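Engineer:
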Amino acid sequence: MRPFTLSKPSTISQAVSGKNEAVRYIAGGTNLLDLMKKHISEPDALLDVTTLLSDTVQSAPKGIRIGAMVRNSVAASNSDIRSGFPLVAKAILAGASPQIRNMASMGGNLLQRTRCPYFYDITMPCNKRKPGSGCGAKDGENRMSAVVGYSEHCVAVHPSDLCIALAALDASVIVTGKDQKAIAIPFKDFHRLPGSTPEKDNNLPENAIITSIDIPANAFNKNYAYLKVRDRDSYAFALVSVAAALQLDGLRIREARLASGGVAHKPWRWYEAEQFLKGKEATQATFSQAADIVIKEIKPLSNNGFKLPMLKGAIEVALQNCLTA
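Sequential numbering from 7 applies to the sequence shown in the numbering used here.
1) Let me know if Arg-263 comes out buried or exposed under the rule of 16 or more other beta-carbons within 10 Å of its beta-carbon.
2) What does DSSP give as the partner residues of Ala-249 in its beta bridges?
3) Could you check if Leu-93 is buried or exposed, using at least 16 other CB atoms within 10 Å of its CB as the buried criterion?
4) Using C-beta distances below 6 Å, list every residue in its chain close to Lys-286, excluding the 5 sequence neighbours before and after it, in chain order.
5) With DSSP run on the structure shown, which of helix, strand or coil describes Pro-315?
6) Please classify Ile-106: does DSSP put it in a helix, a strand, or coil?
7) So what's Asn-208 in DSSP terms, helix, strand or just coil?
8) Can you check which of these residues, Leu-116, Ile-72 and Glu-205, is closest to Thr-62 by C-alpha distance?
9) Counting pairs of beta carbons, one from the stretch 110 to 126 and one from the stretch 213 to 222, are three or more of them closer than 8 Å?
10) Pick helix, strand or coil for Ala-296, following the three-state DSSP scheme.
11) At the level of alpha carbons, what is the spacing between Ala-279 and His-197?
12) What did DSSP end up calling Glu-287 once you bin it into helix, strand or coil?
13) According to the neighbour-count rule (16 or more other Cβ atoms, all chains shown, within 10 Å of its Cβ), is Gly-267 buried or exposed?
14) Does any CB atom of chain D fall closer than 8 Å to the CB of Gln-253?
15) Can you name the residues that DSSP bridges to Gly-140?
16) Roughly how many angstroms lie between the CA atoms of Cys-122 and Arg-135, to the nearest whole one?
17) Within the same chain, show all residues whose beta-carbon is closer than 7 Å to that of Lys-184, passing over the 5 residues directly before and after it, in chain order.
18) Within its chain, find whatever has a CB closer than 6 Å to the CB of Gly-101; leave out the 5 residues flanking it on each side and keep chain order.
19) Work out the CA separation of Asn-37 and Thr-11 for me, nearest whole Å.
20) Looking at C-alpha atoms only, which residue of Phe-226, Gly-319 and Ser-65 is the closest neighbour of Ala-331?
21) Flag this pair as yes or no: are the beta carbons of Leu-317 and Ile-304 separated by less than 8 Å?
22) Determine which residues share a DSSP beta bridge with Arg-8 and list them.
23) Got a sec, what are the start and stop residues for the alpha helix (DSSP H) Gly-113 sits in?
24) Roughly how many angstroms lie between the CA atoms of Cys-141 and Val-153, to the nearest whole one?
25) With Asp-50 and Val-29 assumed to form a contact (beta carbons below 8 Å), what rounded beta-carbon distance in angstroms separates them?
26) May I ask you to report which of helix, strand or coil DSSP gives Arg-238?
27) For the alpha helix (DSSP H) that contains Tyr-124, what are its first and last residues?
28) I need the straight-line Cα distance from Ala-244 to Pro-165, nearest angstrom please.
29) In whole angstroms, what separates the C-alpha of Asp-239 from that of Ser-19?
30) Bridge partners for Gln-64 per DSSP, in chain order?
31) Where DSSP assigns a beta bridge to Ile-216, which residues make up the other side?
32) If Ala-231 and Cys-328 are in contact, beta carbons under 8 Å, what's the gap, nearest whole angstrom?
33) Quick check: what's the CA-CA separation for Gln-281 versus Ser-139?
34) Looking at the secondary structure, which residues open and close the beta strand (DSSP E) in which Arg-88 lies?
35) Assign Ser-202 to one of two classes, buried (16 or more other C-beta atoms within 10 Å of its C-beta) or exposed (fewer than that).
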């Protein structure tokens with residue numbers, strides 16, 4: 007790890023004014039420190055923002071606001087989140103280890119970078135780490151890689167569990183820039199597909215900082231599920247994951263939400279399948295048909311064709327689990 011300076015700005019204005027390509031914010035540090043140790047990120051300076059950002063959860067009739075500095079473990083145990091937005095709590099608890107969840111911030115979780123092995127190995131080509139160097143995973147070891155939304159420049163997947171739930175629940179990311187004005191970015195627009203610029207993970211404005219996450223009030227707190235399929239039961243990233251939520255009138259589906267991780271460069275919503283589920287009876291046959299709609303979008307790479315039947319099964323099971331939540 008190269009030497010760096012550490013400072014603690016006293017205001018958000020100071021923090022965003024002091025940010026540039028050679029400076030990084032640090033909150034929980036659970037991803038940034040790994041990147042620094044691996045010489046993937048080598049900032050000259052770190053700005054400690056732990057005391058600048060809210061660490062509270064605020065409920066209101068229109069929804070809930072989660073401060074960017076709320077620790078993942080605190081969010082997962084918060085009574086308002088567990089009662090009104092339990093899909094979020096369940097997704098958080100599926101990720102990482104208790105020790106990491108105790109340190110990781112909610113805002114930082116949104117900004118974590120891919121765990122693609124080519125990204126972490128500085129001797130290998132990776133357009134995300136070094137634009138123009140090539141994508142080693144595309145024709146290499148791509149078992150963990152994307153099956154939808156990828157490009158010739160990058161096949162990496164987004165690693166977060168929390169973000170899959172936030173995508174399903176139509177969250178917004180609240181950010182503040184140099185002008186001190188807060189803007190809301192719909193979650194579906196926050197993360198990016200790789201296209202020809204895979205080094206850009208998200209649409210966070212330059213020199214801006216995440217201050218909170220807003221989730222609108224919804225009726226998905228009774229019938230929900232988060233299913234994560236991975237190589238081992240703990241501290242492993244998803245091969246595929248599914249966040250599912252249903253609003254039911256008896257067994258009639260009034261509204262449905264369906265999102266996945268482990269499949270794309272960003273949290274992936276299955277909008278066509280959601281639309282299909284709306285108005286249908288909540289039966290195994292219906293869930294199987296919805297899963298069939300999903301897998302029509304899948305384009306596996308050379309080593310991850312197994313994700314197609316795995317994702318189909320995971321969606322069917324997650325939707326079925328919604329009925330017993």
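Ideal placement from N, C-alpha and C gives every residue a C-beta, glycine not left out.
Values in this document were obtained by computation on a predicted structure and should not be read as measured data.
Structural biologist: By the coordinates alone:
1) buried
2) Tyr-232 and Ala-265
3) buried
4) Ile-259 and Thr-292
5) helix
6) helix
7) strand
8) Ile-72
9) yes
10) helix
11) 21 Å
12) strand
13) buried
14) The question asks about chain D, but that chain is absent: this structure has only one protein chain.
15) Gly-140 is not bridged to any residue.
16) 11 Å
17) Val-22, Ser-23 and Asn-213
18) Asp-167
19) 18 Å
20) Phe-226
21) yes
22) Answer is none; Arg-8 lacks a bridge partner.
23) 112 to 117
24) 15 Å
25) 7 Å
26) coil
27) 123 to 126
28) 7 Å
29) 42 Å
30) Arg-71
31) Val-181
32) 5 Å
33) 40 Å
34) Per DSSP, Arg-88 belongs to no beta strand (DSSP E); it is in the alpha helix (DSSP H), 85 to 90.
35) exposed
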